[in-house]
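Heads up: the sequence shown begins at 923 in the working numbering, then just goes up one per residue.
The beta-carbon is built from N, C-alpha and C at its ideal position, and this holds for glycine as well.
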Amino acid sequence: MLLAALALFGTGVVYAQLLMLPLVLAYLHGDATAAGFASTYSLSAFYSFVLLLTFALGVAFELPLAVLLLLRLELATVAQLAHYRRHLVVGFFVLAAFITPPDVISQFLLAVPLLLLFELSLVVGRLAGKG
């Protein structure tokens, strides 16, 4: 279980570093330039932003373990989680809207992996007989 947690967190960190951060930083730079501002960064603010986004995505990628924990503790069944799938789709996109810049692409780049991880969790839950 610890190995899975580390692997999922590491996957989230790599996803943040290789895909989300370059996109978000390019968007923020382009937005500032379009508004006529010079892009100046405080080193501490930049590092805080990078660490926060990286850590947030690392934690977000722990979703399968959270779902499997709910199933193992019998707080929910696969059928119940599947029934509320639509609510989670909206929730993931609302979360993505708060975490990412206000462009649709970065919101999709956060919400879609969360949806895929959730669906993977349901499949693993069914295979483990927790449904």
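- In the same chain as T976, and ignoring 5 residues on each side of it, the C-beta atoms closer than 6 Å to its own belong to V935, A938, in chain order.
- Annotation: P1023 to L1031 spans about 11 Å, alpha carbon to alpha carbon.
- In the DSSP assignment, T933 falls within the alpha helix (DSSP H) that extends over 924-937.
- In the structure shown, the three-state DSSP call for E996 is coil.
- Between L985 and V1046 a beta carbon distance of about 12 Å is seen, past the 8 Å cut, so the two are scored as non-contacting.
- Taking the C-beta atoms as reference points, A1018 is found nearer than 8 Å to A1033.
- Burial is judged here by how many other beta carbons sit within 10 angstroms of a residue's own beta carbon; L965 has fewer than 16 and is exposed.
- Residue burial annotation: L930 is buried, with at least 16 other C-beta atoms found within 10 angstroms of its C-beta.
- Between V1011 and L1037 a beta carbon distance of about 6 Å is seen, short of the 8 Å cut, so the two are scored as contacting.
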